[in-house]
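Chains as they are written, first to last, in the working numbering: chain R, 13 to 263; chain D, 5 to 407. A quick write-up on the structure given underneath.
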Amino acid sequence: MGILEVKGVGKNFGGLKALSDVNLSVQENTVHAIIGPNGAGKSTLLNCLVGKLIPDTGSVMFNNQSVLGRKPHEINQMGISRVFQTPEIFGDLTVLENVLIPCFAKRDGAFRLHAFEGVRREKELMDKAMQMLEDVNMADKRHMHSASMSRGDKRRLEMAMCLVQEPKLLLLDEPTAGMARADTNNTIDLLKEIKEKRDITMAIIEHDMHVVFSLAERITVLAQGTPLVEDTPENIKGHPKVREAYLGEAH
Amino acid sequence: MFGLDSKDSKLLLIVAVLALAAPFILNPFPAGSELAQFNAGYPDLMQRFVIFGIFAIGFNILFGLTGYLSFGHAAFLGVGSYSAVWMFKLLSMNVIPAIILSVIVAGLFSLLIGYVSLRRSGIYFSILTLAFAQMSFNLAYSVLTPITNGETGLQLTLDDPRVLGQTATADGSIPVTNLFGLEMRSTYELVLGAWNFQFNAGYYLSAVIMLASFYMAIRIFRSPFGLMLRAVKTNQTRLNYTGMNSRPYTLAAFVVSGMYAGLAGGLMASMDPLAGAERMQWTASGEVVLMTILGGAGTLLGPVLGAGFIKYFENIFSKINDNVLHGWFAFLPDGMEDLLVTIVHPFVGKGWHLTLGLLFMMVVIFLPGGLIEGGQRLGKLLRRKSAKQDDEDANKSASTAAE
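Structure follows, in structure tokens:
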């Protein structure tokens with residue numbers, strides 16, 4: 013049994029079959045990549061996992077609990093954190109405040125009316141957030157206005173925000189989309205580092221083969237809303253079906 | 005001090021000194037002089053300064069922190085006023101139970117309106133709150149007449165029960181609002197030479213409550229709760245995917261600001277025990293939006309400053325009529341005098357809205373952070389200038405030393 017079990021998931025948008033009969037099993041402490049050409053349904057699948065969309069058919073189990081019908085914040089509280097395609101951070105807040113918020117979410121749950129306590133007095137959480145910033149080499153930027161940072165730094169901050177929650181599963185939606193080669197390599201290094209240091213399960217949706225083959229231990233190839241194959245990177249590389257899906261059918 | 009860091013303590017202290025010394029500060033001109041009409045240190049106006057200050061502080065907790073722009077906050081103010089007056093009619097003329105009830109009723113009312121309105125955000129939220137407030141206003145005006153006394157407004161009468169107090173005083177008049185016997189209207193006058201300073205019990209009660217409200221607002225701003233509200237404003241999606249449910253946070257902010265509005269309404273009724281439906285009208289809701297933006301939304305001091313500014317304009321600028329203008333320009337030749345009066349005329353007296361409107365436009369265009377931002381920029385400019393001056397002085401002394 014994997015930590016995440018997707019069984020027979022289907023989703024239609026009007027007449028368009030975005031997903032049909034998707035089965036996926038993500039094992040604990042692995043990096044699982046989901047690849048596929050544009051329009052293969054990768055993002056739709058991810059949105060079904062985090063509560064943004066509800067699939068028409070099938071089931072999504074996380075740690076033997078269904079996530080279907082739960083709101084995004086409830087799913088996060090179950091232990092799934094998500095990195096967006098364009099970094100979603102709290103732009104008006106400082107870097108430290110950005111990392112503090114997930115610390116509060118982890119400790120206090122989805123809502124707590126702590127209106128008189130004073131953020132600065134939360135020594136434990138402050139230390140935790142600072143430690144996290146040290147880990148991603150952003151401690152010296154802690155008082156920076158986060159919207160004014162470079163895109164690479166925003167990505168790094170968003171990862172820190174997810175990691176500080178110690179999620180059981182980290183979902184990454186094209187973490188290197190629109191990045192320069194150097195930034196892409198930095199992100200790969202960061203993800204490798206995270207993998208080595210922590211017991212973490214990652215599911216990556218990715219376009220860039222370079223990223224996928226540098227990180228993934230298992231790969232699922234998605235095409236036209238259904239999984240074609242699931243295998244190790246070595247086997248996927250030469251797989252004829254994959255070539256077909258990416259390059260089009262040979263005539 | 006009181007669990008605040010040194011910067012916030014200083015801010016609270018400054019506001020406290022300003023509020024407590026207001027009768028002096030707002031009365032800089034000797035009575036009977038030409039400029040005496042610019043004095044704002046009379047009880048009625050000072051009370052309005054601090055009461056609208058409370059209203060704006062509360063509004064800022066919702067709008068400044070979460071970015072949800074409510075156009076219906078006057079409804080909570082009105083509900084607070086009605087509750088307070090009913091307390092004076094039924095229970096006693098003591099202001100404490102009246103204020104407590106107005107806060108509670110406004111809190112419940114805002115819970116109801118907030119619960120429905122917060123299902124939407126952005127402009128739709130604003131429209132929903134506006135609709136609710138206008139609905140309340142119209143109900144108070146018509147159907148709810150048994151409770152609100154309709155057009156006339158709710159007033160005290162000689163045959164109100166007042167179970168814990170007295171229905172009428174010994175000389176057969178309506179008793180006045182008081183705090184355990186201290187009448188709200190009682191005023192101590194201090195005459196110092198040509199100056200006449202007035203210390204009013206009602207003002208000081210309002211000022212103390214305003215300080216307490218301001219202190220609570222600082223605590224909320226600096227708390228994890230305040231941090232989450234700011235997070236709602238900057239990126240609600242991220243907040244939800246971080247495991248926080250934004251709805252109860254925004255609802256709590258809405259109710260807290262509604263209770264502040266109720267407190268302001270209750271205090272208003274405590275100073276002058278009557279309540280009319282016009283207090284709930286949309287223009288009144290718009291006014292608190294203006295106050296907050298003018299002073300600086302999201303800042304601690306801004307809303308208080310904005311409230312003071314607008315109330316000063318409303319009460320002082322509006323009193324400058326043509327006669328006063330002629331008096332000012334009397335030293336000029338007749339033609340010039342008339343010309344100047346004609347030019348200035350639209351901006352003062354009944355035209356004070358024009359001046360306020362222009363000021364508001366200038367602030368929004370050039371100082372998006374409100375008057376507070378203006379102050380900060382000025383402070384920076386002065387500091388830079390003085391730093392430059394220091395540098396120049398240092399250079400000069402260095403060169404003289406070299407010689």
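Beta carbons are placed, not taken as given, at the ideal position from N, Cα and C, and that holds for glycine. Since this is a predicted model, take the numbers as computed values, not measurements.
Query, Result
"Contact check, D/A311 vs D/F56, beta carbons under 8 Å", "yes"
"DSSP-derived helix/strand/coil call for D/Q202", "strand"
"First through last residue of the beta strand (DSSP E) which encompasses R/S37", "L28 to V38"
"Coarse secondary structure for R/Q97, derived from DSSP in three states", "coil"
"Inter-residue spacing [alpha-carbon to alpha-carbon] between D/K354 and D/N325", "8 Å"
"Contact set for R/V254: own chain, Cβ-Cβ below 8 Å, skip 5 residues either direction", "V233, L240, V241 and I248"
"For D/W332 and D/G36, the rounded distance between their alpha carbons", "15 Å"
"Any chain D beta carbon closer than 8 Å to R/I113", "yes"
"Chain D contact for R/S32 (CB, 8 Å cutoff)", "no"
"Whole-angstrom C-beta distance between D/L231 and R/I113, which should lie under 8 Å", "7 Å"
"Inter-stretch contact at 8 Å, needing at least 3 Cβ pairs: the stretch 183-196 of chain R / the stretch 88-108 of chain R", "yes"
"Contact belief for R/L57 with R/V38 at Cβ below 8 Å, rounded distance in angstroms", "R/L57 to R/V38, Cβ: 12 Å. No contact."
"For R/E17, three-class secondary structure by DSSP", "strand"
"Candidates D/N98, D/V89, D/Y128 and D/Y72: closest to D/V109 by CA position", "D/V89"
"Rounded separation between D/L8 and D/S217 - CA only", "14 Å"
"Helix, strand or coil at D/D394 [DSSP, three-state]", "helix"
"Contact list for D/R226 against chain R, beta-carbon separation under 8 Å", "G130, V131 and R132"
"Of the listed residues D/I127, D/E155 and D/L134, nearest to D/A144 (C-alpha basis)", "D/E155"
"Validate contact between the stretch 266-284 of chain D and the stretch 96-112 of chain D using beta carbons, cut 8 Å, 3 pairs", "yes"
"Contact with chain D by R/Q77, beta-carbon distance below 8 Å", "no"
"Status (buried if at least 16 other CB within 10 Å, exposed otherwise) for D/R387", "exposed"
"Residue-level contact to chain D via CB, R/V94, 8 Å cutoff", "The amino acid occupying residue 94 of chain R in the given sequence is Arg; Val does not appear at that position. Closer than 8 Å: yes."
"Under 7 Å by beta carbon: chain D residues contacting R/H157", "In chain order: nothing, as chain D lies at least about 11 Å away."
"6 Å CB neighbourhood of R/K29 in its chain, flanking five on each side removed", "G237"
"Given 8 Å, three or more beta-carbon pairs between the stretch 338-348 of chain D and the stretch 372-386 of chain D", "no"
"CB contact check: D/P372 to chain R, cutoff 8 Å", "no"
"Beta-carbon contacts of D/F129 that lie in its chain and below 6 Å, excluding the five residues immediately before and after", "Y72 and S121"
"Cutoff 8 Å; reference D/L94; Cβ partners in own chain excluding five residues on either side", "D164, P165, R166 and V167"
"Proximal residues to R/E186 (C-beta, below 7 Å), its chain only, five neighbours per side dropped", "Q97, I217, E218 and H219"
"Outcome for D/P179 when other beta-carbon atoms lying within 10 angstroms are tallied against a minimum of 16", "buried"
"Span of the beta strand (DSSP E), counted from its first residue to its last, around R/E242", "T238 to D243"
"Chain-order list of residues whose beta-carbon lies under 8 Å from that of R/S226 (same chain, five-residue window excluded)", "I200 and K204"
"For R/I216: DSSP bridge partner residues", "R/A45 and R/L184"
"Proximal residues of chain R, C-beta to C-beta of D/Y264 below 7 Å", "Those do not exist, as D/Y264 stays about 13 Å from chain R at its closest Cβ, beyond 7 Å."
"D/E187 - DSSP class collapsed to helix/strand/coil", "strand"
"Nearest to R/H85 (by Cα), restricted to the options R/L61, R/D147 and R/K54", "R/L61"
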